[in-house]
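Using numbering that gives the first Met the number 0, read the sequence shown as starting at 0 and increasing by one per residue. Below you'll find the structure, written out as C-alpha cells, and then a few comments.
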Amino acid sequence: MLVSDFVLPNGLAFTPDEKVLYINDSRRRHIRAFELLPNGTLAKQTDRVFADLQGSEPGVPDGMKVDVEGNVYCGGAGGIWIMDPHGKKLGRIVHGAPATTNIAFGGDDWKTLYFTSRGHLGSVNVKIPGLPVPTAKK
C-alpha cells in the first residue's frame, strides 16, 4: 500500500513529463499531487493538496486528464474544472449535464474534450491539445 488515507480515490493522471502523479478524492472534493522519484516510485513526503474543487453545485472530482501544457481537467461541482500546473483555477466548462463522470481528449488534433455524466455523452472543442494516448503499432 503506497498511501492509505484517501476516502474515495477516483481519477489518476500524470504531468506531461510524468514527474507528478495527480489523484482525486471524490469524497474530500480535492486533487492531491505526489512527486515521483527518477526510478518511478512515489515520494510520499511530497503529498500536497493540488486543488480544492468544493462547490455548491452537483458534482465531485471524477475523471481527470492533462493537456500538453500541463493544465489539469477534472470533473467537479458544476462541470469540468481546469487548473494550471500549479493548481490555480483557470476556469470551468459548464455543460449543463449533472455530475461529470469521466473525460477524455480525442480527435485528430487531440483538441476535442469528450465527457460523460449521468446518462449523457458530450464534447467540447478546446484550444490546447490533450496528451495523446499512445497507440499500438501495426
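For glycine and all other residues, C-beta sits at the position ideal for the given N, C-alpha and C.
Self-check item: Contacting residues, own chain, Cβ-Cβ under 7 Å from LEU7 (five flanking each side not counted)
Solution: For LEU7, where only same-chain residues beyond five positions count, the Cβ hits under 7 Å are ASP24, SER25 and ARG26.
Practice problem: List in chain order: all unbroken beta strand (DSSP E) runs of 3+ residues lying wholly within the stretch 44-111. | Solution: Fully enclosed beta strand (DSSP E) runs of 3 or longer: 61-65, 71-75, 78-82, 88-92 and 99-105.
Quiz item: For PRO133, which three-state DSSP category applies?
Solution: PRO133: coil per DSSP, three-state reduction.
Practice problem: Identify the continuous beta strand (DSSP E) that holds GLU17 and give its terminal residues. | Solution: From DSSP, GLU17 is part of no beta strand (DSSP E); its letter is neither H nor E.
Exercise. Output the distance between the C-alpha atoms of GLN53 and LEU36, rounded to the nearest integer angstrom.
Key: Distance between the alpha carbons of GLN53 and LEU36: 30 Å.
Quiz item: Measuring CB to CB, does GLY74 end up less than 7 Å from ASP61?
Solution: In contact: GLY74 and ASP61 (Cβ atoms closer than 7 Å).
Quiz prompt | Buried versus exposed call for GLY78 [16 or more other C-beta atoms within 10 Å across all chains shown] | solution = Buried, by the Cβ-count rule.
Self-check item: Nonlocal neighbours in the same chain, by C-beta distance under 7 Å from VAL48, ignoring five residues either side
Solution: Result list for VAL48: HIS29 and ARG31, in chain order.
Quiz item: Do THR111 and THR100 have their CB atoms nearer than 7 Å?
Solution: No, Cβ-Cβ distance for THR111 and THR100 is not below 7 Å.
Quiz prompt | Closest by C-alpha distance to GLY10, when choosing among ALA42, VAL59, SER55 and LYS43 | solution = Checked all of ALA42, VAL59, SER55 and LYS43; the closest Cα to GLY10 is VAL59.
Practice problem: Classify PHE5 as helix, strand or coil using the three-state DSSP reduction. | Solution: Coil at PHE5, not helix or strand.
Self-check item: Cβ-based neighbour list, GLU34, same chain, cut-off 6 Å, excluding 5 preceding and 5 following
Solution: Closer than 6 Å at the Cβ level, and outside the excluded window around GLU34, lie VAL19, ALA42 and THR45.
Quiz item: DSSP on THR115, reduced to helix/strand/coil?
Solution: Reduced to three states, the DSSP call for THR115 is strand.
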